[in-house]
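Trainee: I'd like to ask some things about the structure below.
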């Protein structure tokens, strides 16, 4: 039991010395001698056990290190593939942008994507882009003029609506006047009919006198 306690204390001393060696390199020579004495005091069986444990720890560290290298290699390959794809996409986008720039430069002058020099233009003068820009400016001016005309037309429509309302009121009054005229005409026809009856009644004595005294 005392030998086991002495071996444990020796093991703790060994670990403390190893840690001290890691922290301070200036004392490695002096601590190395103490380490040899402690290893000799721990006995051969304890030394074999420590060596076996160190070998197991070393094997575990090697496996962990190998696994980390494999993981790093896989991640690096994956990052390389992603970088290659992104580079290809950026390259194709830059190529398409260059072609679009050449096409816009050659609009109205050339049919292909090659940048045409000014003296090689198939059609002299402004390109279609410049002409289209001028047409759009003229169209904008026409739209503004049309907007002003529409505003004036709206004012005219509002005035016309007021005139139509007044005309409707006048037509209503005229209908009422025509109704009164029709009523007056009817009364006048009745009066004329009465006058005709009275005239015939007044002519009856003269007809009797004519029949009795023809001379």
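Residue numbers (the working numbering): 7 to 221. Glycine included, C-beta positions come from ideal geometry on N, C-alpha and C.
(1) Whole angstroms is fine: what's the gap from residue 165's alpha carbon to residue 197's?
(2) In or out: residue 11 buried (at least 16 other Cβ within 10 Å) or exposed?
(3) Roughly how many whole angstroms lie between the Cα atoms of residue 69 and residue 105?
(4) Counting only C-beta atoms, is residue 199 closer than 9 Å to chain B at any point?
(5) Rounded to the nearest angstrom, what separates residue 65 and residue 84 at their Cα positions?
(6) Using DSSP with H/G/I as helix, E/B as strand and the rest coil, what is residue 211?
Mentor: Reading it off the structure:
(1) 47 Å
(2) Confidence at residue 11 is low in this model, with a pLDDT of 45, below 50, so its placement is unreliable and no value can be given for it.
(3) 54 Å
(4) Any reference to chain B falls outside this structure, which holds one protein chain only.
(5) Looking at the two C-alpha atoms, the distance is approximately 29 Å.
(6) Note: residue 211 maps to helix in three-state DSSP.
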